[in-house]
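*Asks:* If you count the sequence shown from 1, position 23 lands on 23 in full-length UniProt numbering, and the numbers rise without skipping.
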Amino acid sequence: MVIHQQLVATYQQLGYQVVEVPWGEIKKRAEWILARLGLESLK
Numbered sequence: 001m002v003i004h005q006q007l008v009a010t011y012q013q014l015g016y017q018v019v020e021v022p023w024g025e026i027k028k029r030a031e032w033i034l035a036r037l038g039l040e041s042l043k
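1) Using the three-state DSSP reduction, which class does valine 20 fall into: helix, strand or coil?
2) Excluding the 5 residues flanking proline 22 on each side, which residues of the same chain have their C-beta closer than 7 angstroms to its C-beta?
3) What did DSSP end up calling leucine 14 once you bin it into helix, strand or coil?
4) The alpha helix (DSSP H) spanning glutamate 31 covers which residue range?
5) By Cβ distance below 7 angstroms, which residues in the same chain neighbour glutamate 40 in space, the five residues on each side in sequence not counted?
Here you go:
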């Protein structure tokens, strides 16, 4: 997890907003991303 934490910190220092996608089935992760983007109707 050290590498993950370093990557997150680096992206944040560069001005990016890091959004962590929940672990789980790919379909559920894709649905979560679409919902986050307000694109649920494209499912």
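A virtual CB, placed ideally from N, CA and C, is assigned to each residue, including glycine.
Values in this document were obtained by computation on a predicted structure and should not be read as measured data.
*Replies:* Taking the structure as given:
1) The question names valine, yet the displayed sequence has glutamate at residue 20. Of the three classes helix, strand and coil, the one that applies to glutamate 20 here is coil, per DSSP.
2) Cβ neighbours of proline 22 beyond the five flanking positions: Arg29, Trp32.
3) Leucine 14 sits in coil when the DSSP states are folded into three classes, being neither helix nor strand.
4) Residues 26-37.
5) These residues qualify, in order along the chain: Leu34.
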